[in-house]
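K.L.:
What follows is a single structure, and I will ask about it in a moment.
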Amino acid sequence: MPQLRFRNFSSLAFLQSVDKQRFLAPLLAGHAEYFARNGIDVTKLGEDDDSDLRLMQVFTQPDEEMPAELLEVLYMLDDMADETGHDDILDEAERTGTDLSGLDDDLPPGDFAIAVFFRHPRILRVCHERTACQKVKKFHEHQSRDDRRFSLAAARAKVAELEQTLSPWFDARKRSPVCEIYVYPDEDEIRFQVTHGRPFRTEGSLTKRHQRSRVAYRPQKHDMVIYDTRTGILKINAQTAAERGAYCRAFGQVMFSDPDYFPEGQPYSLEALRTSGGTLAIVEGMDNICLSELWIARDDDQRMMQILKARDLLGIIADGGAVDIHSGSLVRACFNIKYSQGGRARKLEVRPPNVAEYDRDRDGSVAEAFLQANGFMVTQVRHAGSGPVLGSA
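Note that UniProt numbering has the sequence shown beginning at 1, numbered continuously upward.
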């Protein structure tokens, strides 16, 4: 059984905070037999240490009999049972016009998430999918072939066709035919979360009688595909290069009738570092920036890779002579950026031709503005109205 890593349901403090009779007992009632086999009567859960400790043991040390439906619900609620999840739920309810006025105004985040799940499960699922998407930081990016763009309306109209196109590919590669796509907007981006199976997996395990056994299961995988409506770039987070290629072909074929519409391109380049004189433009939303790491592939028969690290390489480059960045290929750069919103400096890493890694949830727009202002982004932002938009009506 794969190890569970709940943030909240594995916390004794969280379990003590949840109202057992109003929320937790009804949530677990559909799996009463499973809990009974583990010595817990969900109809008699109390606000006592014994109930909390027994529940925590089940949630942190599951056996191979834990129902898959229970796991799915617990994972979803675990992500939404904090203050951030509380605000996300309220925002989604406001966006969709869902009335939450019948809920107690003084519910803590854990009880609130369960209460909303009982009445409006779709809101919880949408918020959870969005939370899962925002955890992804590394994408491979592919330029579009021309200036055509597609809209959110076109994307939603083509979801079923995208699923039907990708399903045979996953099935042929022993990942099962399951392919489910959830699409939603995020400012100038259209985001697609793709759920599919991974290759079958087995793990050694121990039964309740301490006998050796083997658990066989097919893990789920959640990939993320982002389409930037300004640049036409398709950003992909997936497990393998083959999967990324499949997404490029499927999105090109379905959205533009051209499987080669998103070829391997070069959205990013570090060549501007050679001519910057050791200075970089600071954009709005940033306080300061340091170049902490630079990789240079030397043009020699030894294929030498020079890795330069310092607190701030920009000053060394500005002095000249100490670091030669004018020969060889600049293949990786790491910047430490102090953002105006506060907190510690966060890393932005660029690896040409098509990888930029940063916290897209917190720093996306500022990081992108920095990349453009300093010439690291080859593809320029398209102004509204400069190209045809599919499905814009």
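Heads up, the beta-carbon is just placed ideally off N, CA and C, and yes, glycines get one too.
(1) Compute the Euclidean distance between the alpha carbons of D228 and D188, then round it to the nearest angstrom.
(2) Can you tell me whether E180 is buried or exposed? The criterion is at least 16 other CB atoms within 10 Å of its CB, across all chains shown.
(3) In terms of DSSP beta bridges, what is H128 paired with?
(4) Less than 8 Å between the C-beta atoms of I89 and I123, yes or no?
(5) Taking C-beta to C-beta, are A333 and E293 nearer than 8 Å?
(6) For M304, does the count of other Cβ atoms within 10 angstroms reach 16, so buried, or fall short, so exposed?
(7) So what's E65 in DSSP terms, helix, strand or just coil?
(8) Residue ranges of each alpha helix (DSSP H) run of no fewer than 4 residues wholly in the segment 143 to 202, ordered along the chain?
(9) Roughly how many whole angstroms lie between the Cα atoms of A384 and M255?
(10) How is A384 classed by DSSP in three states: helix, strand or coil?
(11) Relative to the C-alpha of A81, which candidate in A25, D48 and R7 has its C-alpha closest?
(12) Is H140 helix, strand or coil by DSSP?
(13) Are three or more beta carbon pairs between the segment 243 to 255 and the segment 154 to 162 nearer than 8 Å?
(14) Please list the terminal residues of the continuous alpha helix (DSSP H) segment that includes Q57.
(15) Count the other CB atoms, across all protein chains shown, that sit within 10 Å of the CB of D363; report buried if there are 16 or more and exposed otherwise.
(16) If you check the beta carbons only, do L24 and L45 fall under 8 Å apart?
(17) Could you check the C-alpha separation between Y182 and R298 for me, to the nearest Å?
(18) Would you decide whether L12 is buried or exposed? Buried here means 16 or more other CB atoms lie within 10 Å of its CB.
(19) For the candidate residues R148, L74 and D49, whose alpha-carbon lies nearest to that of P388?
(20) Considering only the beta carbon of each residue, do Y261 and V350 sit closer than 8 Å?
(21) According to DSSP, simplified to helix, strand and coil, what is Y268?
(22) Under 6 Å Cβ to Cβ from E203, same chain only, skipping five residues before and after it: list those, please.
(23) For H120, which residues in the same chain have their Cβ closer than 8 Å to its Cβ, ignoring the five residues on either side in sequence?
(24) Any chance you could list the alpha helix (DSSP H) runs of at least 4 consecutive residues sitting entirely within the segment 80 to 108, in chain order?
(25) Give me, in chain order, the residues of the same chain whose beta-carbon lies closer than 7 Å to that of A115; leave out the 5 immediate sequence neighbours on both sides.
(26) Check for me: the beta strand (DSSP E) holding I307 runs from which residue to which?
(27) Compare the C-alpha of Y217 against each of Y184, K174, D223 and H142 and name the closest.
(28) Would you kindly check if the distance between the Cβ of R244 and the Cβ of A238 is under 8 Å?
(29) Take E129 and list the residues in its own chain whose beta-carbon comes closer than 6 Å to its own, dropping the five residues that flank it on each side.
(30) Compute the Euclidean distance between the alpha carbons of W295 and T96, then round it to the nearest angstrom.
(31) Suppose you measure from the CA of S329 to the CA of M377; what does that come to, to the nearest Å?
(32) With distances taken from CA atoms, which of S340, D91, F9 and K235 is nearest H142?
(33) With the cut-off set at 8 Å, would you say M286 and K338 are in Cβ contact?
(34) Name the DSSP beta bridge partners of R346, please?
P.N.:
Well, looking at it:
(1) In a straight line, the C-alpha of D228 is about 6 Å away from that of D188.
(2) Answer is exposed; the Cβ neighbour count stays below 16.
(3) For H128, DSSP records no beta bridge to any residue.
(4) Cβ distance < 8 Å, so I89 and I123 count as in contact.
(5) Cβ distance < 8 Å, so A333 and E293 count as in contact.
(6) It counts as exposed.
(7) E65: coil per DSSP, three-state reduction.
(8) The segment 143 to 202 contains these whole alpha helix (DSSP H) runs: 152 to 157 and 159 to 172.
(9) Any reading at A384 needs caution, since the residue's pLDDT is 48, under 50, leaving its predicted position unreliable; the model's value is listed next. In this model, A384 and M255 are separated by some 20 Å (Cα to Cα).
(10) Low confidence applies here, because A384 scores a pLDDT of 48, under 50, leaving its location unreliable; read the following figure in that light. Of the three classes helix, strand and coil, the one that applies to A384 here is coil, per DSSP.
(11) In this structure, R7 is the residue among A25, D48 and R7 with its C-alpha nearest to the C-alpha of A81.
(12) H140: strand per DSSP, three-state reduction.
(13) With a cut-off of 8 Å, the segment 154 to 162 and the segment 243 to 255 count as touching, because enough Cβ pairs lie within range.
(14) Boundaries of the alpha helix (DSSP H) harbouring Q57: D49 to T60, taken from the DSSP string.
(15) Counting other Cβ atoms within 10 Å of its Cβ, D363 reaches 16 or more and is therefore classed as buried.
(16) Yes, the Cβ-Cβ distance between L24 and L45 is below 8 Å.
(17) Rounded to whole angstroms, the separation of the alpha carbons of R298 and Y182 is 44 Å.
(18) Exposed is the call here.
(19) The candidate whose alpha carbon is nearest that of P388 is R148.
(20) Not closer than 8 Å, so no.
(21) Of the three classes helix, strand and coil, the one that applies to Y268 here is strand, per DSSP.
(22) Counting only Cβ-Cβ distances below 6 Å, and skipping sequence neighbours, we find V215.
(23) So the list reads A93, T98 and L100, once near-sequence residues are dropped.
(24) Considered as a whole, the segment 80 to 108 harbours 83 to 96 as its complete alpha helix (DSSP H) runs of no fewer than 4 residues, in chain order.
(25) Same-chain partners within the cutoff: F23, L103 and L107.
(26) Counting along the chain, the beta strand (DSSP E) containing I307 begins and ends at M305 to K309.
(27) Ranking Y184, K174, D223 and H142 by Cα distance to Y217 puts K174 first.
(28) The Cβ atoms of A238 and R244 lie closer than 8 Å to each other.
(29) Here E129 has Y182 and Q193 as same chain residues with Cβ atoms under 6 Å from its own Cβ, once five neighbours each way along the sequence are excluded.
(30) If you take the alpha carbons of W295 and T96, they lie about 47 Å apart.
(31) Their backbone Cα atoms lie some 17 Å apart in a straight line.
(32) When each option's Cα is compared against that of H142, the closest is K235.
(33) A Cβ-Cβ contact shorter than 8 Å links M286 with K338.
(34) Note: R346 sits in a beta bridge opposite I337.
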